[in-house]
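If you read the sequence shown in the numbering used here, its first letter stands for residue 17, the second for the next number, and so on.
Note that CB positions come from ideal geometry on N, CA and C, so glycine has one too.
Just so you know, these numbers come straight off a predicted model, no measurement behind them.
Worksheet for the structure shown next.
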Amino acid sequence: MMYDFNADEIFEIAEQLERNGAKFYRTAAEAVTDQKASEFLRKLAAMEDDHEKTFAQMRKQLGAGEKAATVFDPEGDAVGYLRALADTRVFFEKKIDTGSMVSILKDAITAEKDSIVFYLGMRDAVPENLGRSRLDGIIKEEMGHIRLLSKELSAQKK
Numbered sequence: 017m018m019y020d021f022n023a024d025e026i027f028e029i030a031e032q033l034e035r036n037g038a039k040f041y042r043t044a045a046e047a048v049t050d051q052k053a054s055e056f057l058r059k060l061a062a063m064e065d066d067h068e069k070t071f072a073q074m075r076k077q078l079g080a081g082e083k084a085a086t087v088f089d090p091e092g093d094a095v096g097y098l099r100a101l102a103d104t105r106v107f108f109e110k111k112i113d114t115g116s117m118v119s120i121l122k123d124a125i126t127a128e129k130d131s132i133v134f135y136l137g138m139r140d141a142v143p144e145n146l147g148r149s150r151l152d153g154i155i156k157e158e159m160g161h162i163r164l165l166s167k168e169l170s171a172q173k174k
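Shown next as structure tokens:
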């Protein structure tokens, strides 16, 4: 069965992805011994917390039409599917290679790229009248993370 999703459902998942990302960065920050690297990772975790709040605020601003159910789904299977996808593909719990900051940054960049791919795919699953354009804000935020991580990765390699 093919589902259309509304912007409210996608923002709910966006908030979960940000929580997953914050946990990833905090776990990495606790594992590294370099104080500067730990502080940078904690800063990234705080940014994820801020993005979660941003997405929650964006979600609150959605109109009724952007929250409208797209299918009869009394068990919440559609959102459950999105949650499972988000929790197993983007910032999912996995062993973090904390052997070097470069490894951590590469894992983080991969997760951020996966999140963008996820949102781009979901953008196509959200009809325009249910808030498709709102997802552009999420994608823009995630692209900012990649720029920051890439800059730090370049600095680490020097």
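Counting only beta-carbon separations shorter than 8 Å, does residue i have a partner in chain C?
i   : result
L57 : Given the protein chain composition of this structure (a single chain), no chain C is represented.
Where do the N-terminal and C-terminal ends of the alpha helix (DSSP H) with residue i fall, by residue?
i    : result
L60  : Q51 to K76
K167 : L151 to K173
R42  : A23 to A47
Quick one, are the C-beta atoms of residue i and residue j less than 8 Å apart?
i    : j    : result
A38  : L57  : no
M74  : R148 : no
L136 : Q172 : no
F71  : I154 : yes
E31  : E55  : no
What distance in whole Å lies between the Cβ atoms of residue j and residue i, which are believed to be in contact at a cut-off of 8 Å?
i    : j    : result
D24  : L78  : 6 Å
M117 : A53  : 5 Å
S131 : E158 : 5 Å
Next on the checklist: When you compare the segment 61-72 with the segment 110-130, are there three or more beta-carbon pairs, one atom per stretch, that lie closer than 8 Å?
Outcome noted: Not touching, per the Cβ criterion.
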